[in-house]
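Engineer: I have a structure here, written as C-alpha cells, and I will follow up with some questions on it.
Protein chains: 2
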Amino acid sequence: MAAQESHEEEVPTRERILREASRLFSRKGYHGTSTREIAEAVEIRQPSLFHHFPSKRDIMSELIDIDHGESSIVAERQAAGKGSAALRLYRYLVWDIAFICRCAYDLTSVELVVDDPIFADKMAKRDALVIARRSMIEQAIDSGEFVSVDADLAEKAIVWILRGDIADTAGQAVPDADVVADQLASFILRALLEDASQLGEIRAAGSITEV
Amino acid sequence: MAAQESHEEEVPTRERILREASRLFSRKGYHGTSTREIAEAVEIRQPSLFHHFPSKRDIMSELIDIDHGESSIVAERQAAGKGSAALRLYRYLVWDIAFICRCAYDLTSVELVVDDPIFADKMAKRDALVIARRSMIEQAIDSGEFVSVDADLAEKAIVWILRGDIADTAGQAVPDADVVADQLASFILRALLEDASQLGEIRAAGSITEV
DNA sequence: GAGGTACCCTATCGATTGATAGGGGTGATC
DNA sequence: GATCACCCCTATCAATCGATAGGGTACCTC
C-alpha cells in the first residue's frame, strides 16, 4: 500500500502487449499486423517489444496456450466422467463459453492461426480438444439422449459456434457472460436432444454443481 | 472440337490464379500469402500475376464478390417472401450451404478479411445479408414457429456455422453437397423450432420447389 | 558508491514484400 | 508481312518487415 498506486490501473507492459496484440491480430490477422503497430498501441517503441518477447511468433504462441490450456482440461475431464453425457457436454459448453466471454484477450485469431504451418507444433492440443468433444457427443447418441446425427459434423458445428462467439465477444469483458453461455449451450443442446423437453432438467442440473 | 483439346482440362490462367489464391489465403491468411507463392502455385512468374489482376488486393476483392453476390440475392428474396418463415429460412440455408460445397474456390478467407479495414468497402453487402437472415428469424419467432430466442444471437450462430462449413469444405468439390446442406440446415432448424416434429414437413416442402 | 538488473530508447540491419519497366514470342487480322 | 493484342519473361524498384546492436536511466542490493 506504500509503493503501490491507489489507482491500481497499473497494467504491466507485458500484459498490455498480449492484450493489444490479440486485439490487432483478430482485426487484421497475425501476418497483417506488424510489430510496429503493436508497439504503437502499447505506446512503446517497436524494439522494446523484444525485451518482453523473443519474437512476434512467441506473442501469438502464448495466446494460443491461453486459449487451449484450460479448455482441454475441462473437456477431457467431462468426457471421462460418468452419468448423462448430454449434461456433461452442457457443463463443458457453459464453462468454455463463459471463459471466452470473461477473457481479457481477443482470442479470435487463435483458431485461425493454428492451421498455419508455422504453428504446426500447437495442433496436438487442439486435436485432443476435438476428440474430447466428439466423445461426449457419441456417448449421448449411444445412450439415446441425442438424435442420431453425424457426430463429426455435430462436433464441427459446435466448434464453429464457439469460434464465432470468440470472434464476437472479442476480448471485451462481457457483463452477462453466464447468460450468453447458457443461451448458446441451450441452442446447441436443443439441436441435438432427442427430447427437447429434457433441456430444462439439464440446465437446472448444470447450473448447480461445479465442473 | 477442332482447335480445342479433347482433354478439356484447359483452365484459363486467370481462373487458376483465383483458385490457387483462395486456397493459399485460407491456409495462411491474406497477408500471410505472398504474390510469389500464388505465382508458384499457378506455375508462372510473380510479375505475370499483374497482367491478370491490377493488384493482390483485387484478387481477394473478386473472391469476396463471388461469395457475397448470389447469397445476398437469395437471402433477400426469401426474406421478402410469404408463407412459413421457417420454411423460407430452410430454403435459403440449403441453397447457401450447397453453393458453398460446390464452389470451385476456397472462400474461407472471405469472412475473415471483410473485417479488415483495407476491405471496408465490401462491408455493405455483407451487412445486407445479415439483415435478411435476421429478418427471417424474427418473422418465425413472431409467428410462433421458432422458440423465443435472441434473434441477433441466433443469426450469429447461423453465420458461424455457415462460416465453419466454408472453412471445412475448403474449395474441394464435395460430392454429397445436398446431403451436407440438409444436415446442417436441419441442425439449425431443430435448434430453433418450437415444435421439432415440424422439421419433417419443412424438409419435404423445401426439397420440392426451387428457390 | 559500485555492481547488477530491468526497461526503454535511437539507429540500423538483411530479407522480403507488392509492384513497375521494358523486352520477346505467338497468333489472328487486315 | 505489317500491325496489334495477348501473355509471359528478366531485372529491379521503394517500402516495409522482424530483429539486433548498443547506449541511457532508474532502482535495488551489498
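Those protein sequence lines, which keep their order, are chains A and B.
According to our numbering, the residues represented by the first sequence are 1 to 211, in order.
According to our numbering, the residues represented by the second sequence are 1001 to 1211, in order.
C-beta: ideal position from N, C-alpha, C; glycine also.
Given the structure is predicted, the values throughout are model-derived calculations rather than measurements.
#1: Quick one: give me the first and last residue of the alpha helix (DSSP H) that A/Tyr105 is part of.
#2: At which residue ranges does the segment 126-179 of chain A contain complete beta strand (DSSP E) runs of 3 or more residues, listed in the order of the chain?
#3: So is B/His1068 in contact with chain A if we call contact Cβ pairs under 8 Å?
#4: Roughly how far, in whole angstroms, is the beta-carbon of A/Leu63 from the beta-carbon of A/Tyr105, given that I think they are within contact range, below 8 Å?
#5: Counting C-beta neighbours from all protein chains within 10 Å, is the total for A/His7 16 or more, i.e. buried, or is it exposed?
#6: Would A/Phe50 be called buried (16 or more neighbouring beta carbons within 10 Å of its own) or exposed?
#7: For B/Ile1137, which option in B/Asp1165, B/Ser1197, B/Ala1075 and B/His1052 has the closest C-alpha, if you only look at C-alpha atoms?
#8: May I ask you to list the residues that DSSP assigns as paired with B/Ile1193?
#9: Which term fits A/Ile158, buried or exposed, when burial requires 16 or more other beta carbons within 10 angstroms of its beta carbon?
#10: From A/Ile44, A/Arg36, A/Arg27 and A/Thr35, pick the residue whose C-alpha is nearest to that of A/Pro12; which is it?
#11: For the segment 67-104 of chain A, which segments carrying the alpha helix (DSSP H) assignment without a break, of at least 4 residues, lie completely within its bounds, in sequence order?
#12: For B/Asp1116, return the contacting residues in chain A, with the cut-off set at a CB-CB distance below 8 Å.
#13: In its own chain, which residues sit with a C-beta less than 6 Å from the C-beta of A/Ala128, not counting the 5 before and 5 after it?
#14: Does any CB atom of chain A fall closer than 8 Å to the CB of B/Gly1200?
#15: So what does DSSP say about A/Pro117, is it helix, strand or coil?
#16: Decide yes or no for the touch test of the segment 178-194 of chain A against the segment 1013-1031 of chain B: beta carbon pairs closer than 8 Å, at least 3 of them.
#17: Using a Cβ-Cβ cut-off of 8 Å, state whether B/Arg1023 counts as contacting chain A.
#18: Do B/Arg1133 and B/Glu1111 come within 8 Å of each other at the CB atom, strictly closer than that value?
#19: Exposed or buried, which one is B/Arg1163 when buried takes at least 16 other CB atoms within 10 Å?
#20: Check whether the Cβ of A/Asp142 lies closer than 8 Å to any Cβ atom in chain B.
#21: Which of the three DSSP states is assigned to A/Arg45 in this structure?
#22: Taking the C-alpha atoms as reference points, what is the distance between A/Gly206 and A/Lys125?
#23: When the Cα atoms are used, what is the spatial distance from A/Trp160 to B/Leu1024?
#24: Determine whether the Cβ of A/Gly164 lies closer than 8 Å to any Cβ atom of chain B.
#25: Can the beta-carbon of B/Val1149 be found closer than 8 Å to that of B/Leu1192?
#26: Kindly indicate which residue of B/Ile1038, B/Gly1069 and B/Val1042 has the alpha-carbon position closest to the one of B/Arg1057.
#27: Taking the alpha helix (DSSP H) that A/Phe25 falls in, what are its first and last residues?
#28: Output, in sequence order along the chain, the residues in the segment 1135-1159 of chain B whose CB is closer than 9 Å to any CB in chain A.
#29: What in chain A is Cβ-close to B/Asp1168, meaning under 8 Å?
#30: Can you tell which of A/Gly144, A/Val113 and A/Val180 has the C-alpha that lies nearest to the C-alpha of A/Lys28?
#31: Roughly how many angstroms lie between the CA atoms of A/Ile225 and A/Ala86, to the nearest whole one?
#32: Could you tell me whether the Cβ atoms of B/His1031 and A/His68 are closer together than 8 Å?
#33: Using three-state DSSP, classify A/Gly200 as helix, strand or coil.
#34: Measure from the alpha carbon of B/Ser1034 to the alpha carbon of each residue in B/Glu1010, B/Leu1199, B/Ile1059 and B/Gln1139, then state which is nearest.
#35: Write down the C-beta distance between B/Glu1194 and B/Phe1146 rounded to the nearest angstrom, noting that I regard them as a contact closer than 8 Å.
Structural biologist: With the structure as the only source:
#1: Here A/Tyr105 belongs to no alpha helix (DSSP H), and DSSP marks it neither H nor E.
#2: none
#3: no
#4: 6 Å
#5: Residue placement at A/His7 cannot be trusted, given a pLDDT of 41 that sits under 50; what the coordinates show is reported in the next sentence. Flag for A/His7 reads exposed.
#6: exposed
#7: Taking only the C-alpha atoms, the option nearest B/Ile1137 is B/Ala1075.
#8: Note on identity: in this sequence residue 1193 of chain B is Leu, with Ile being the wrong assignment. For B/Leu1193, which the question treats as bridged, DSSP gives the partners B/Phe1146.
#9: buried
#10: Nearest of A/Ile44, A/Arg36, A/Arg27 and A/Thr35 to A/Pro12, Cα basis: A/Ile44.
#11: Segments of the alpha helix (DSSP H) lying fully in the segment 67-104 of chain A: 85-102.
#12: Arg27, Lys28, Gly29 and Gly32
#13: Ser72
#14: For B/Gly1200, not one C-beta of chain A is nearer than 8 Å to its own C-beta.
#15: If DSSP states are grouped into helix, strand and coil, A/Pro117 belongs with the helices.
#16: no
#17: no
#18: no
#19: buried
#20: no
#21: coil
#22: 26 Å
#23: 21 Å
#24: Between A/Gly164 and chain B, the shortest Cβ-Cβ separation is below 8 Å.
#25: yes
#26: B/Ile1038
#27: Thr13 to Lys28
#28: Val1147, Val1149, Asp1150, Leu1153, Ala1154, Lys1156, Ala1157 and Val1159
#29: Simply Lys156.
#30: The residue with the shortest Cα to Cα distance from A/Lys28 is A/Val113.
#31: No statement about residue 225 of chain A is possible, as the shown extent of chain A runs from 1 to 211 and does not include it.
#32: Against a cut-off of 8 Å, the Cβ pair of A/His68 and B/His1031 comes out as no contact.
#33: helix
#34: Here the closest residue by C-alpha is B/Ile1059.
#35: The C-beta distance from B/Glu1194 to B/Phe1146 rounds to 6 Å, short enough to fall under 8 Å.
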